[in-house]
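Just so we're aligned: the sequence shown equals residues 30 to 196 in the numbering used here.
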Amino acid sequence: MTSFDPKTTKFPYPKDTAGHYIRTKKNRGLVFDEHYQYIDKRKSFLLKQSLLRHVLFIVVFPIAKIRLGLKINNKQVLKQHKDLLAQGAITICNHVHYWDYLAIMLTLRPIKPYILSWVQNLNDSSGRLVRLVGGIPIPEHNLKAKFKQLKEVGQMLDEGGWLHIYP
30 MTSFDPKTTK FPYPKDTAGH YIRTKKNRGL VFDEHYQYID KRKSFLLKQS LLRHVLFIVV
90 FPIAKIRLGL KINNKQVLKQ HKDLLAQGAI TICNHVHYWD YLAIMLTLRP IKPYILSWVQ
150 NLNDSSGRLV RLVGGIPIPE HNLKAKFKQL KEVGQMLDEG GWLHIYP
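As structure tokens, then:
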């Protein structure tokens with residue numbers, strides 16, 4: 030068995046540290062404006078989202094535990110504050126690994142967090158997957174779209190939802 034090498038050659042550290050680590054390869058042409066549904070509540074979308082979460086918990090998370098050595102410590106702390114956290118929360122942590130949001134999802138299970146995401150991540154070939162795991166695009170260059178997104182995120186939080194943010 031080989032040991033984990035944190036200095037990857039597949040995704041070398043970027044020279045522009047203010048830029049994005051992984052470059053997007055495709056543009057699906059989605060427009061994130063004031064007409065876009067930032068929190069998708071359609072039954073068909075929620076069904077797909079639920080099916081994906083089941084696949085993640087049955088297949089992907091066990092693989093992550095074995096391959097990455099993923100271990101959740103102190104999960105009982107969340108259970109101790111269950112009543113308070115049922116009102117919703119905002120979680121924040123550094124984005125250090127390609128799979129770290131999956132670790133967040135596993136930690137917060139059964140809670141279904143949403144995550145603010147760079148619009149290019151949702152327009153890329155993996156954008157559907159990002160959307161299904163809870164990705165909410167951060168609109169750029171459109172003030173009306175930003176207000177709409179903030180309003181929908183605020184409503185979701187008021188309803189007891191969870192939002193995860195990578196600074």
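Heads up, the beta-carbon is just placed ideally off N, CA and C, and yes, glycines get one too.
Bear in mind the structure is a predicted one, so any value in this text is a computation, not a measurement.
Between the Cα of Ile58 and those of Gly183, Val148, His170, Lys94, spot the shortest distance and give me the residue it belongs to.
The sequence as given places Gly at residue 58; Ile does not occur at that position. Nearest option by C-alpha distance: Val148.
Asp69 to Leu179, Cα distance in whole Å?
14 Å
Could you check whether Leu131 and Val89 sit closer than 8 Å to each other, using their CB atoms as the reference points?
yes
Report buried or exposed for Ser73, applying the criterion of at least 16 other Cβ atoms within 10 angstroms of its Cβ.
exposed
Cα separation between Val162 and Leu85?
10 Å
Spatial distance of Leu99 from Arg82 (CA atoms):
18 Å
Could you say which of Val106, Ile101, Ser154 lies nearest to Asp129 if we only look at CA atoms?
Ile101
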